[in-house]
Amino acid sequence: MHWVKILGVGVGAAALLGLGIILGHFAIPKATDPPAPSASDSQGLDLAILDSIMKQLDASRIRENLRELSKEPHVASSPRDEALVQLVLERWKDTVTGLDAAKTYEYEVLLSFPSAEQPNIVEVVGPSGTVLHSFKPFEKNLTGEQAGPSVLQPYAAYAPPGTPKGLLVYANRGSEEDFKELEARGINLSGTIALTRYGGVGRGAKTINAAKHGVVGLLVYTDPADINDGKSLPSETFPNSWCLPPSGVERGSYYEYFGDPLTPYLPAHPSSFRLDRHNISGFPPIPAQPIGFEDAKDLLCNLNGTSAPASWQGALGCDYKLGPGFKQNGNFSTGSEVKVSVHNKLELRTSSNVLGIIQGAVEPDRYVIYGNHRDSWVHGAVDPSSGTAVLLEISRVLGTLLKKGTWRPRRTIIFASWGAEEFGLIGSTEFTEEFLSKLQERAVTYINVDISVFANATLRAQGTPPVQSLIFSATKEISAPGPSGLSIYDNWIRYTNRSSPVYGLVPSMGTLGAGSDYASFVHFLGISSMDLAYTYDRSKTSARIYPTYHTAFDTFDYVEKFLDPGFSSHQAVARTAGSVLLRLSDSLFLPLNVSDYSETLHSFLQAAQKNLGSLLQQQNISLGPLETAVQRFEAAAAALHQRILTLQKSSPDPLQVRMVNDQLMLLERAFLNPRAFPEERYYSHVLWAPNTGSTATFPGLANAYARAQDINSSRSEAWAEVQRQLSIVVTALEGAAATLEPVADL
697 MHWVKILGVG VGAAALLGLG IILGHFAIPK ATDPPAPSAS DSQGLDLAIL DSIMKQLDAS
757 RIRENLRELS KEPHVASSPR DEALVQLVLE RWKDTVTGLD AAKTYEYEVL LSFPSAEQPN
817 IVEVVGPSGT VLHSFKPFEK NLTGEQAGPS VLQPYAAYAP PGTPKGLLVY ANRGSEEDFK
877 ELEARGINLS GTIALTRYGG VGRGAKTINA AKHGVVGLLV YTDPADINDG KSLPSETFPN
937 SWCLPPSGVE RGSYYEYFGD PLTPYLPAHP SSFRLDRHNI SGFPPIPAQP IGFEDAKDLL
997 CNLNGTSAPA SWQGALGCDY KLGPGFKQNG NFSTGSEVKV SVHNKLELRT SSNVLGIIQG
1057 AVEPDRYVIY GNHRDSWVHG AVDPSSGTAV LLEISRVLGT LLKKGTWRPR RTIIFASWGA
1117 EEFGLIGSTE FTEEFLSKLQ ERAVTYINVD ISVFANATLR AQGTPPVQSL IFSATKEISA
1177 PGPSGLSIYD NWIRYTNRSS PVYGLVPSMG TLGAGSDYAS FVHFLGISSM DLAYTYDRSK
1237 TSARIYPTYH TAFDTFDYVE KFLDPGFSSH QAVARTAGSV LLRLSDSLFL PLNVSDYSET
1297 LHSFLQAAQK NLGSLLQQQN ISLGPLETAV QRFEAAAAAL HQRILTLQKS SPDPLQVRMV
1357 NDQLMLLERA FLNPRAFPEE RYYSHVLWAP NTGSTATFPG LANAYARAQD INSSRSEAWA
1417 EVQRQLSIVV TALEGAAATL EPVADL
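Just so we're aligned, residue 697 is where the sequence shown starts under the numbering used here, counting upward by one.
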């Protein structure tokens, strides 16, 4: 699809009007009644329909979806990405299996690409400038799928062009502490090239930390100790196992924020104000380039200097030295330097979201949103096509029931295929910016299934506390893949669990950071969200993620051969996500347990009391108001839970149901404070903002406390910020409690 600059304001207005018309249309109840339920639970969920959907979700169809989606590389805005836009659109408009409506929404966004004419290159050059060694800019073509014009060379998206040259140093994971450690050992970092490994801190943070210390260029590689359990030989790696081959390189965005870089807080329409490209914050300050571990080995195993600390050592088969420069008896002469030539270009491109909608029969103005992104760095069979394959199968089954007239949800379901996620969660962020008010008023939850299958051992679920019991309920009713005979829930609890003071032993739920498209829904809009996937047994591997992540080796055959033969784990995720989706869209009362927030708040409070209380007291800062606010929230949540139980035993008035559901839906919004973290773009949720402190407590409080401690001073402004952050949390908790208290109470 072409990027069209004409129509200006009209394009933006048309997009806004388009979704407004579709969703507004669905907000008007229709004269036709929904099909009569055959049997239901106490929540009003039609169990026969749920059972029918579970049986119809087909592993073989998911497999064929994945084959089609991943057969060609489809980086954001590429011709193949736009072809997949049409594929999704056609599926959702199908007359037999389609939805009520489907539409694309286009955004003009700033993306970053390597130069096809001038590939990025890493070289070792002698003192006279002679090139002693040049590393290949592409991965090896091991299966016939790693070459061709549509395969992007490995690169660091948004890293600036440049050709820095300098002595090489090894900086472990590129954290601020790692660079300080090098300087503490007497190493002058000014003018050097730093070699770092993935993990520890984010991609962009590595470049920012390096630049602070005078480093002029950055190389990043994946150490086989972090991804392959130490295996590095060609016979031990893909295509002979699931392990990353020596030439494999993790691509990725090095942009620090999310959303279109040119239009923060505004949808990227032609009419929107755009920043000057020279004034964009969050881009890497120095050229950077990722490389494979076979190239990293040539560099690292020839370094001069003292040995790196034991925790910095990896699995490349040599003693890791710190540098600077190369040793005398190695492959490169002393005085040789590393030259990094980066030729990335910024380009304004059109990227599309696709939305498919099923109109709610009773509450059409309440939206349950299910999405994942469509774009990939190369073939992207795992990331993200495993998620899209599941998304398309769920929408097919629901669309079939819809077209037959046997089912229509109580609430509106919105399916979303996001564009340009890999560049910084762009498609989903632009959507939340464009429809901010509508979504804050009407969105019930957001379900994210990005990578649906990392491996085939167990479920991995992340989410805000109210969705925990919902996921538990769904997984207790679905059989786990394999011969165990266990439910997904019982299988899950075997692999990862925790002791809850309320429930006893339960599966461990993760929290939501900013790793996928749920980020803007949680942090920006305050919408209860979750992310679902099947993953590997962490007791059997130390891999930080599946090994071919963001490489040209993430292919259909890789999935079928190594991750999920038979696609039973894909089917398990489809059933889990499908059950969660139906429970949210069809239950009379929203199946969100706000009391589960009490456990989180109590643990945060205990951590603050234990780790911060003494020094806060010395500064005349009392945690008493926080304790009172937590107690008020706990009481309000418990009282609302009892009220719901009472209503469920009666025949509640529809308005009573609606009022209670609104309280459940709006709770997450009560934790938003857009002025709490002015330095953190899009982060407004006072419980889930980034925590850079060492205490697992309320992030604003933890961060302010850590800063006040670091300056080792009684300066009033530092401790005043601690007091301010404490007040922000207390106010948010009191507002949340008020949201849950009887609506007649002010």
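Idealized CB from N, CA, C, for every residue including glycine.
None of the values given here were measured: they were computed from a predicted structure.
- Distance from the CA atom of PHE875 to the CA atom of GLY1013, rounded to whole angstroms, is 24 angstroms.
- For ARG899, the CB contacts under 6 angstroms within the same chain, skipping 5 residues up- and downstream, are GLY948 and TYR950 in chain order.
- Note on GLN1164: 16 or more other CB atoms within 10 angstroms of its CB, so buried under the neighbour-count rule.
- GLY1101 and GLY955 have their alpha carbons spaced roughly 39 angstroms apart.
- Between LEU1208 and GLN1158, the C-beta gap is smaller than 7 angstroms, which places the two residues in contact.
- With respect to the C-alpha of LEU806, the residue from LEU1042, GLY822, VAL792 and GLY887 having the closest C-alpha is LEU1042.
- If the five residues before and after THR1096 are omitted, its C-beta is found closer than 6 angstroms to the C-beta atoms of THR793, all from its own chain and listed in chain order.
- Apart from the 5 residues on each side of it in sequence, VAL1218 sits with its Cβ closer than 7 angstroms to the Cβ of THR1160, LEU1208, SER1225, HIS1381 and TRP1384 in its chain, given in chain order.
- Residue state for TRP1384 is assigned as coil, using DSSP reduced to three classes.
- Per DSSP, the beta-bridge partners of LEU1201 are SER1195.
- Per DSSP, THR1046 lies in no alpha helix (DSSP H) segment; the continuous beta strand (DSSP E) that holds it begins and ends at 1041-1054.
- Three or more beta-carbon pairs separated by less than 8 angstroms are not found between the stretch 786-800 and the stretch 815-831, which leaves the two stretches without contact.
- Residues of the same chain with a CB within less than 7 angstroms of the CB of ARG759, apart from the 5 flanking positions on each side, are PHE1263 in chain order.
- Burial state of SER1347 is exposed, judged by a 10 Å Cβ sphere holding fewer than 16 other Cβ atoms.
- For GLN1164, the uninterrupted alpha helix (DSSP H) segment begins and ends at 1164-1172.
- Under the Cβ criterion (8 angstroms, minimum of three pairs), the stretch 993-1007 does not count as touching the stretch 900-912.
- Residue environment for GLY1001: buried (at least 16 other C-beta atoms within 10 angstroms of its C-beta).
- With a contact defined as Cβ atoms closer than 8 angstroms, THR1154 and TYR1230 qualify at about 7 angstroms.
- For the beta strand (DSSP E) assignment, the uninterrupted runs of no fewer than 3 residues enclosed by the stretch 1059-1123 are, from N- to C-terminal side, 1059-1069 and 1107-1114.
- Taking a cut-off of 8 angstroms for Cβ pairs, the stretch 1103-1116 and the stretch 764-778 touch, as three or more such pairs fall below it.
- Closest in C-alpha terms to ASN1387, from the list LEU1360, VAL1356 and GLN1421, comes GLN1421.
- Judged by their CB atoms, VAL1145 and VAL1086 are nearer to each other than the 7 angstroms cut-off.
- Counting of Cβ neighbours within 10 angstroms places HIS1069 among the buried residues, the total reaching 16 or more.
- Each of TYR1379, PRO1243 and ASP1406 was checked against the Cα of GLY1396, and the nearest Cα belongs to TYR1379.
- Taking the Cβ atoms as the reference, ILE982 lies roughly 17 angstroms from PRO957, outside the contact range of under 8 angstroms.
- Bounds of any alpha helix (DSSP H) do not take in ASP1227; it lies within the beta strand (DSSP E) bounded by 1225-1231.
- Where LYS1035 is concerned, the enclosing beta strand (DSSP E) starts and stops at 1033-1037.
- In the DSSP annotation of this structure, ARG1240 is not part of any beta strand (DSSP E), being labelled neither H nor E.
- Nearest to PRO823 by alpha-carbon distance, out of ASP919, MET1205, GLU946 and THR1030, is THR1030.
- In this structure, the alpha-carbon of GLU813 lies about 13 angstroms from that of SER1037.
- Annotation: the stretch 906-973 contains the following complete segments of the alpha helix (DSSP H) (minimum length 4 residues), in chain order: 920-923.
- Taking each of PRO810, SER1238 and LEU1088 in turn and checking the Cα distance to TYR851, the smallest one comes out for PRO810.
- For GLU819, the closest C-alpha among the options LEU1322, LYS751, THR859 and TYR854 is that of THR859.
- Taking ARG1279 as reference, the option from GLN1327, PRO1261, ASN936 and TYR1066 with the minimal CA-CA separation is TYR1066.
- The three-state reading of DSSP puts GLY1206 in strand, counting E and B together.
- Assigned with DSSP and collapsed to three states, HIS829 falls in strand.
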